[in-house]
Amino acid sequence: QSALTQPPSASGSPGQSVTISCTGTSRDVGDYNYVSWYQHHPGKAPKIIIYEVSKRPSGVPDRFSGSKSGNSASLTVSGLQAEDEADYYCSSYAGSNNFVFGTGTKVTVL
Amino acid sequence: EVQLVESGGNLVQRGGSLRLSCAASGFTFSSHWMHWVRQAPGKGLVWLSRINSDGSSTTYADSVKGRFTIFRDNSKNTLYLQMDSLRAEDTAVYYCARAGYSIGWHYFDSWGQGSLVTVSS
Numbered sequence: 001q002s003a004l005t006q007p008p009s010a011s012g013s014p015g016q017s018v019t020i021s022c023t024g025t026s027r028d029v030g031d032y033n034y035v036s037w038y039q040h041h042p043g044k045a046p047k048i049i050i051y052e053v054s055k056r057p058s059g060v061p062d063r064f065s066g067s068k069s070g071n072s073a074s075l076t077v078s079g080l081q082a083e084d085e086a087d088y089y090c091s092s093y094a095g096s097n098n099f100v101f102g103t104g105t106k107v108t109v110l
Numbered sequence: 001e002v003q004l005v006e007s008g009g010n011l012v013q014r015g016g017s018l019r020l021s022c023a024a025s026g027f028t029f030s031s032h033w034m035h036w037v038r039q040a041p042g043k044g045l046v047w048l049s050r051i052n053s054d055g056s057s058t059t060y061a062d063s064v065k066g067r068f069t070i071f072r073d074n075s076k077n078t079l080y081l082q083m084d085s086l087r088a089e090d091t092a093v094y095y096c097a098r099a100g101y102s103i104g105w106h107y108f109d110s111w112g113q114g115s116l117v118t119v120s121s
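Residue numbers (the working numbering), protein chains in the order written: chain A, 1 to 110; chain B, 1 to 121.
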């Protein structure tokens, strides 16, 4: 149950795009289309922004998009806004009702 | 509106025990799987445990297996985490999260604000 690997940080100017990678293994990300992404402002409750690789819950702007290839998944935030500055975590189903989170990425809006 | 409110976090000595609660409202609690997730200071989110709708099936991360017990009382709309043999590395904010259902129960669609557990050595 090793954590999925994410870059520690990413940044972009307002209006730009930023892409965050999430690398797992053939036993989690690579084996299931059950990758989800969460936005976490410190001190607040995490919020789901993507589930099942690329689906957006209602209310989440279409600036957020997800994809997957092999053992890696990605989250892209387009048209960066100041309120997008937060920590982002991926998560994957890992079989047998186990789950794993990524190491987290701090997104800074310059 | 879905609400999850954790309570029970406290300062506890190493080797001690603590029980966290998560009061749920705004949805049919007995229909959803539930999870516990934690975040140690300065670290990322870590999945700990999940329980199915009626409490008959549970799963744990290796780091807490045999020490933590997840259970629920659907009559009280409450999820629990019994934590025994606590270690310094268990110091964290503990979140309860509701499982979302699509093809299966594979994501976390609502979260509480968290409850801080501090284990002193």
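We treat Cβ as the ideally placed atom computed from N, Cα and C, and that holds for glycine.
Problem - When A/Q6, A/S26, A/S69 and A/R27 are compared against A/Y38, the one with the closest alpha-carbon - result: The alpha carbon of A/Y38 has as its nearest neighbour, out of A/Q6, A/S26, A/S69 and A/R27, the alpha carbon of A/Q6.
Exercise for the section: Please name the residues in the stretch 94-106 of chain B whose beta-carbon is closer than 9 Å to at least one beta-carbon of chain A, in chain order. Expected result: Residues are counted here when their Cβ sits less than 9 Å from a Cβ of chain A; for the stretch 94-106 of chain B these are Y95, A97, G100, S102, I103, G104, W105 and H106, given in chain order.
Handout entry: Cα-Cα separation between A/G12 and A/D84, rounded to whole angstroms
Key = If you draw a straight line from the Cα of A/G12 to the Cα of A/D84, it is about 10 Å long.
Practice task
Would you please state the rounded distance, in angstroms, between the beta carbons of B/G26 and B/E1? I believe it to be under 8 Å.
Solution key: About 5 Å; that satisfies the 8 Å criterion.
Exercise for the section: Check the Cβ of B/R67 against every Cβ in chain A and list those closer than 8 Å, keeping chain order. Expected result: The contacting residues do not exist; B/R67 stays about 15 Å from chain A at best.
Problem - Cα-Cα separation between A/G79 and B/Q82, rounded to whole angstroms - result: Rounded to whole angstroms, A/G79 to B/Q82 spans 44 Å at the Cα level.
Practice task
Within the same chain, show all residues whose beta-carbon is closer than 6 Å to that of B/A23, passing over the 5 residues directly before and after it, in chain order.
Solution key: Same-chain partners within the cutoff: V5 and T78.
Exercise for the section: Select from the stretch 70-90 of chain A all residues with a C-beta closer than 9 Å to any C-beta belonging to chain B, and list them in chain order. Expected result: So the list reads D87 and Y89, given in the order they occur along the chain.
Exercise for the section: Would you give the residue range spanned by the beta strand (DSSP E) that A/T5 belongs to? Expected result: If you look at A/T5, you'll find it isn't in any beta strand (DSSP E); DSSP assigns it neither H nor E.
Exercise for the section: Can you tell me which of A/G59, A/N71, A/V29 and A/V77 puts its alpha carbon nearest to the alpha carbon of A/Y88? Expected result: Each of A/G59, A/N71, A/V29 and A/V77 was checked against the Cα of A/Y88, and the nearest Cα belongs to A/V77.
Exercise for the section: Verify the CB distance criterion: does B/F27 have a CB-CB separation below 8 Å to chain A? Expected result: Residue-level contact check: B/F27 does not touch chain A, since none of the beta carbons of chain A fall below 8 Å from its beta carbon.
Practice task
Please list, in chain order, all residues of the same chain as A/D28 whose beta carbon is under 6 Å from its beta carbon, the five residues on each side excluded.
Solution key: Around A/D28: S92, A94 and V100.
Problem - Spatial distance of A/S69 from B/L116 (CA atoms) - result: Their backbone Cα atoms lie some 37 Å apart in a straight line.
Exercise for the section: Keeping to the same chain, check which residues put their C-beta closer than 8 Å to that of A/N33; ignore five residues upstream and five downstream. Expected result: The residues are E52, V53 and K68.
Handout entry: Residue-level contact to chain A via CB, B/Q82, 8 Å cutoff
Key = Not an interface residue.
Handout entry: Within chain B, the residues that A/V100 reaches when beta carbons sit closer than 8 Å
Key = Annotation: Cβ neighbours of A/V100 in chain B (cutoff 8 Å, chain order): W47.
Problem - B/D73 in three-state terms, based on DSSP - result: Of the three classes helix, strand and coil, the one that applies to B/D73 here is strand, per DSSP.
Exercise for the section: Measure from the alpha carbon of B/A99 to the alpha carbon of each residue in B/T28, B/S21, B/H32 and B/S17, then state which is nearest. Expected result: With distances taken between Cα atoms, B/A99 lies closest to B/H32.
Practice task
Give the single residue among B/S102, B/V12, B/K65 and B/V46 whose Cα lies nearest to the Cα of B/Y94.
Solution key: Among B/S102, B/V12, B/K65 and B/V46, the Cα nearest to that of B/Y94 belongs to B/V46.
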